[in-house]
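A.B. asks: Be aware that the sequence shown starts at 1, since it is given in the UniProt record's numbering, and climbs by one per residue. By construction, the Cβ of each residue, glycine as well, lies at the ideal position given by its N, Cα and C atoms.
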Amino acid sequence: MEGGEGKGREGREGRGMGGDWIYGYNTMPLFVSLPVDPDVLIIDNCPPPEVPEDDIALRSTAPQDQEFATVIWTEPTARTGNPQRTSNRAPGDDFFIGSTYVLYEFENPANSATTECAFYVIVSRFADTEAPTVTCPSDLRVLGAFNVPTTEVTWDTVPPVDNVGVQDFRFIPASGSLFGIGVTTVNFNAVDAAGNEGKCEFTVTVVENNDINDPVIENCPTDFTFFTTSGQQRPQITWSLPTVFDDNQWTLMASMDPPVFLEVRPTPTR
Numbered sequence: 001m002e003g004g005e006g007k008g009r010e011g012r013e014g015r016g017m018g019g020d021w022i023y024g025y026n027t028m029p030l031f032v033s034l035p036v037d038p039d040v041l042i043i044d045n046c047p048p049p050e051v052p053e054d055d056i057a058l059r060s061t062a063p064q065d066q067e068f069a070t071v072i073w074t075e076p077t078a079r080t081g082n083p084q085r086t087s088n089r090a091p092g093d094d095f096f097i098g099s100t101y102v103l104y105e106f107e108n109p110a111n112s113a114t115t116e117c118a119f120y121v122i123v124s125r126f127a128d129t130e131a132p133t134v135t136c137p138s139d140l141r142v143l144g145a146f147n148v149p150t151t152e153v154t155w156d157t158v159p160p161v162d163n164v165g166v167q168d169f170r171f172i173p174a175s176g177s178l179f180g181i182g183v184t185t186v187n188f189n190a191v192d193a194a195g196n197e198g199k200c201e202f203t204v205t206v207v208e209n210n211d212i213n214d215p216v217i218e219n220c221p222t223d224f225t226f227f228t229t230s231g232q233q234r235p236q237i238t239w240s241l242p243t244v245f246d247d248n249q250w251t252l253m254a255s256m257d258p259p260v261f262l263e264v265r266p267t268p269t270r
């Protein structure tokens, strides 16, 4: 064996197989190495035959709609000698779903002996476990129609998102349904091809409409006189419509709506 030099209290020197060595009460680290047999190959980075569950290099998942995956790993190397390395597969190869046997062989030039490093690459089929992402509207509060038990309520839909695509989605009840007075819960469900479901909910509150206020009319035109040019018998006359405010739907009724064509009335003379 070989030893590195060191200083120690009451240390003694000696010579053994492979060189000098020191023993005694050392205060410094003592490094000892065994002689290396040139006929024996030492292989580094050789994975275990049974692939660990957490080995992300040798366990891979095929992409969606594919039967294979590209797998990359650190290749084994020989620490000793200068052997010739051969293998049946290489990092970056495509591997089909299942287990594939990978074999590295190292031929020792000193004695033509072969040392093997063998392991498996495991590729699993894609399995979708991610639920669709759904977005619900904020809770809605609407004023019901006057003297009507139900009110039609609509809202905007944000399409759900999924990693493989949404197969079906719907609101229950649907947008545009009739809602009664009070609070109703609306469920939004989305399902992808793997059966994963995403869902959310919101409420629609319809407030009873007890209309006790008269409509308010603003910007009502005042009386005006329209002067025609000479020879006009039926001039076109128009005006701005008034503005109406009310708690409910309203109907503006007028004896005539602009524009109108009116007969010219002569101005009386005295």
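(1) Skipping 5 residues on each side, what residues in its chain have a beta carbon closer than 6 Å to that of Thr86?
(2) Report all residues from its chain with a CB closer than 7 Å to the CB of Ala131; omit the five preceding and five following residues, and keep chain order.
(3) Over what stretch of residues does the beta strand (DSSP E) that includes Ile217 continue unbroken?
(4) In three-state terms, what does DSSP make of Asn82?
(5) Measure the beta-carbon distance from Val123 to Ala62 and round it to whole angstroms, keeping in mind my assumption that it falls under 8 Å.
(6) Under the assumption that Pro259 contacts Thr243 (Cβ atoms under 8 Å), give the Cβ distance between them as a whole number of angstroms.
(7) From what residue to what residue does the beta strand (DSSP E) around Asp139 run?
(8) Comparing the C-beta of Thr151 with each C-beta of chain D, is any distance below 8 Å?
(9) Would a C-beta distance cut-off of 8 Å place Ser175 and Thr157 closer than the cut-off?
(10) Would you mind reading off the limits of the beta strand (DSSP E) that contains Cys200?
(11) According to DSSP, simplified to helix, strand and coil, what is Ile43?
C.D. replies: Walking through what the data contain:
(1) Glu105
(2) Asn196, Glu197, Gly198
(3) 216 to 218
(4) coil
(5) 6 Å
(6) Pro259 to Thr243, Cβ: 19 Å. No contact.
(7) Where Asp139 is concerned, there is no enclosing beta strand (DSSP E), given that its DSSP letter is neither H nor E.
(8) Absent here is chain D; the protein component of the structure consists of one chain.
(9) yes
(10) 197 to 207
(11) strand
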